[in-house]
Amino acid sequence: MTDRQGPDEEHRRPEGVGDKTVEALGSLSKALETVERARGHLYSFHQLTGTADLELDRAVQLLREAGHAVWAERVETEILGRNVIPGHWTFQIVEAYDGTYYRAFRELEQEAVRELADGRGHLYEAEMKEARRTRGHRDHTARPDSPGTRGPARPFD
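Right, dumping it as structure tokens:
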């Protein structure tokens, strides 16, 4: 019978893996999570800049309709479709970030977890959960399939 009182096998420290290794992998994972957030902000930058560029079409049209042809022409030729840094639109910045930094970081983190922890990720967090949870409390169970686990919250029942 499987022990459902503790973490599942994927979140248990493999034999011979020391505290410093678990801590180091946790730190590496945390750094990657920060990079994931940075990448999300980069995509936000990409989408917001693209949305602004598309809105310029409307601004140009309205400036022309309002009799400001010179301003419409300036917006259209000086800003609309302009590179955000020399030679780059935002999609090219995202591609360069992914190809130069993000993929290499993600692959290294995955390789370190495979080699140093038998492919078991989030060991640091799993052990922190075990240390912090209140045993026997139905909202502090080790796993989704632990005895006494509540189903999804339904606030209006």
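Counting from 1383, one number per residue, gives the positions in the sequence shown under our numbering.
We put the CB at the ideal spot given by N, CA and C, even for glycine.
ask   = Where does residue 1407 land, buried or exposed, given buried means 16+ other C-beta within 10 angstroms?
value = Buried: at least 16 other Cβ atoms inside 10 Å.
task = Can you grab the Cα-Cα spacing for the pair residue 1539 / residue 1519, in whole Å?
result = Confidence at residue 1539 is low in this model, with a pLDDT of 48, below 50, so the placement of that residue is unreliable and no value is reported for it.
key: Nearest to residue 1437 (by Cα), restricted to the options 1421, 1423, 1461   = Nearest to residue 1437 by C-alpha distance, out of 1421, 1423, 1461, is 1461.
ask   = From residue 1540 to residue 1498, what distance separates their C-alpha atoms?
value = The first residue shown for the chain is 1383 and the last is 1539, placing residue 1540 beyond what the model contains.
ask   = Which residues mark the beginning and the end of the alpha helix (DSSP H) in which residue 1422 is found?
value = That run of the alpha helix (DSSP H) goes 1401 to 1447.
query = Can you tell me the Cα-Cα spacing of residue 1468 and residue 1484, whole angstroms?
reply = Those two C-alpha atoms are separated by around 22 Å.
key: N- and C-terminal bounds of the alpha helix (DSSP H) containing residue 1479   = Per DSSP, the continuous alpha helix (DSSP H) segment holding residue 1479 begins and ends at 1472 to 1479.
key: At least three beta-carbon pairs within less than 8 Å, the segment 1494 to 1512 to the segment 1394 to 1403   = By the criterion of at least three beta-carbon pairs nearer than 8 Å, the segment 1494 to 1512 is in contact with the segment 1394 to 1403.
query = CA-CA distance, residue 1417 and residue 1489?
reply = In this structure, the alpha-carbon of residue 1417 lies about 13 Å from that of residue 1489.
task = Select from 1470, 1450, 1492, 1442 the residue whose C-alpha is nearest the C-alpha of residue 1458.
result = Of the listed residues, the one whose Cα sits closest to residue 1458 is 1442.
key: From 1477, 1444, 1400, residue whose alpha carbon lies closest to that of residue 1424   = Ranked by how close their Cα comes to the Cα of residue 1424, the residues 1477, 1444, 1400 have 1477 in first place.
ask   = From which residue to which residue does the alpha helix (DSSP H) around residue 1498 run?
value = It spans 1485 to 1499 - the alpha helix (DSSP H) in which residue 1498 sits, taken as one unbroken run.
ask   = So, are the CB atoms of residue 1411 and residue 1503 less than 8 Å apart?
value = Against a cut-off of 8 Å, the Cβ pair of residue 1503 and residue 1411 comes out as a contact.
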